Amino acid sequence: MTRVPTEYQTGCVEYVRLVPAPPLDRFIGDIYCLTGVPRHLRLNVPPMPSAHLMINLAEPVHLYDSDEAMPPAVLCDGWFTGVWSRRFVIEHHAPVRVVGVHFKPWGLAPFVDLPLTELLNRSVPVDAVWGRRVDRLRDRLAGASSTGDMLQIMESELRSRLLLAPRGFQLVGHVAGRMEASWGAVRVGALTEAAGVSGNQLAAQFKAHVGLTPKRVARIYRFARVILTADARRPVDWAQLAHAAGYFDQAHFSKEFRDFTGHTPTAYLALRRRFPAEAGFPPDNGPMPAE
0 MTRVPTEYQT GCVEYVRLVP APPLDRFIGD IYCLTGVPRH LRLNVPPMPS
50 AHLMINLAEP VHLYDSDEAM PPAVLCDGWF TGVWSRRFVI EHHAPVRVVG
100 VHFKPWGLAP FVDLPLTELL NRSVPVDAVW GRRVDRLRDR LAGASSTGDM
150 LQIMESELRS RLLLAPRGFQ LVGHVAGRME ASWGAVRVGA LTEAAGVSGN
200 QLAAQFKAHV GLTPKRVARI YRFARVILTA DARRPVDWAQ LAHAAGYFDQ
250 AHFSKEFRDF TGHTPTAYLA LRRRFPAEAG FPPDNGPMPA E
């Protein structure tokens, strides 16, 4: 069956995505191309359940960590970004032209030969992981005749980079897949017991192949469910959304929401109402304008 990329167009920006064929779809949510002039070039990005690969075909991108002790990063030709457990701000310069990959939280491990703790809350140049051969990939993407060709080039590169599953990866993929299916609402203790391992064993494998412990991954999934469900165009019952996502302590939810977004739920709604997310436009799912 021929797979057709899905195109999204809004204003002066185009987002085209492709779900890769097996076996890549076990590790990757989508491969995408973002081109044009987005409405907001500076975005506040909360923790989301994914890791990234981005090949930049435009001007350098700036990244600002919410941890003020960390210096700003200038991201040029391409970079890997592991799962983030805190928010960051990313700043593009118009026009934008990026080919990227959204990995599932556990999906980056079979493509990089290093512990994922080294990519936690960090962006690392692609050539530091894959070597200088990435220059050839960037040249091929830049010279592609269509967006569809760019996506196929990236898919082919990923297929060639797929390594043998590292030890312990199957366990992590199975448990994290359960988290994905439930948006983190399943108890980690129950998953540990069902897997037949100790909590320490599971935590060690998650840190190696995701960069975070299972409990922190579940927290990010729960938060993602809230942020992706809240519709600022209508009245929002935060208590109901939080409870449905597995939060049973309103004070804990409010603190985590502020930690992850930099806003209270009320301030977040006010921001989203001033700068509405484009309905059905994937880049607006999660990231929000940074003031």
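Residues 0 to 290 in numbering that gives the first Met the number 0 are what the sequence shown lists, from first letter to last.
Backbone N, C-alpha and C fix where the C-beta goes; we use that ideal spot for every residue, glycine too.
As the structure is a computational prediction, the values presented were derived from the model and not from experiment.
Should residue i and residue j be called a contact, given that it needs their Cβ atoms to be closer than 8 Å?
i       : j       : result
Leu-17  : Glu-154 : yes
Val-98  : Leu-140 : yes
Ala-241 : Val-216 : no
Ala-184 : Ala-244 : yes
Gly-77  : Met-53  : yes
Pro-286 : Leu-33  : no
Pro-94  : Ala-175 : no
Met-47  : Ala-223 : yes
His-208 : Leu-115 : yes
His-39  : Phe-280 : no
Val-15  : His-51  : no
Phe-79  : Val-123 : yes
Asn-120 : Ser-84  : yes
Thr-263 : Arg-257 : yes
Arg-221 : Trp-182 : yes
Excluding the 5 residues preceding and the 5 following residue i in the sequence, name in chain order all residues of the same chain whose CB lies nearer than 6 Å to its CB.
i       : result
Tyr-246 : Phe-252
Glu-58  : His-92
Met-0   : Confidence at Met-0 is low in this model, with a pLDDT of 49, below 50, so the placement of that residue is unreliable and no value is reported for it.
Glu-277 : Thr-9, Asp-283
Arg-96  : Thr-34, Leu-56, Ala-57
Tyr-7   : Tyr-14, Phe-280
Ala-72  : Leu-62, Ser-122
Tell me, please, which residues DSSP counts as bridged to residue i.
i       : result
Leu-17  : Ile-30
Tyr-7   : Tyr-14
Phe-102 : Ile-27, Ala-50
Ser-122 : Thr-80
Pro-288 : Leu-42
Val-95  : Gly-35
Looking only at its chain, what residues have a beta carbon closer than 7 Å to the beta carbon of residue i, apart from the 5 residues adjacent to it on each side?
i       : result
Arg-135 : none
Ile-89  : Leu-42, Val-44, Val-60, Leu-62
Arg-177 : Val-185, Leu-190
Ala-289 : Arg-41, Leu-42, Asn-43, Val-88
Arg-131 : none
Val-187 : Pro-213, Lys-214, Ala-217
Ala-229 : Val-235, Leu-240
Gln-249 : Ala-238, Ala-241
Leaving out five residues on either side along the sequence, give the residues of the same chain with a beta carbon under 8 Å from the beta carbon of residue i.
i       : result
Ser-145 : none
Thr-260 : Asn-43, Pro-45, Arg-86, Ile-226, Tyr-267, Met-287
Met-149 : Cys-32, Val-98, Leu-140, Ala-143
Leu-170 : Ala-194, Val-196, Leu-201, Gln-204
Thr-212 : Ala-202, Phe-205, Lys-206
Val-36  : Gly-10, Cys-11, Val-12, Ala-93, Pro-94, Val-95
Ser-65  : Arg-85, Arg-86, Phe-87, Val-88, Gly-261
Pro-165 : Ala-108, Pro-109, Ala-207, His-208
Leu-23  : Glu-154, Leu-157, Arg-158, Leu-161
Whole-angstrom Cβ separation of residue i and residue j, contact assumed at under 8 Å?
i       : j       : result
Phe-102 : Ser-49  : 6 Å
Leu-113 : Val-128 : 7 Å
Arg-271 : Ala-231 : 4 Å
Pro-19  : Leu-157 : 7 Å
Gly-210 : Gly-106 : Contact doesn't hold; Cβ gap of about 12 Å is too wide.
Gly-147 : Pro-4   : 6 Å
Output yes if chain D places a C-beta closer than 8 Å to the C-beta of residue i; else output no.
i       : result
Met-153 : Protein chain content of the structure displayed is limited to a single chain, and chain D is not contained in it.
Sequence ranges, alpha helix (DSSP H) only - wholly within the segment 207-258, length at least 4: 213-228, 237-244
Residue ranges of each alpha helix (DSSP H) run of no fewer than 4 residues wholly in the segment 135-195, ordered along the chain? 146-160, 168-181, 187-194
Enumerated in chain order, which unbroken segments of the beta strand (DSSP E) with a length of 3 residues or greater are wholly contained in the segment 28-90? 41-44, 50-55, 60-64, 72-74, 77-80, 87-90
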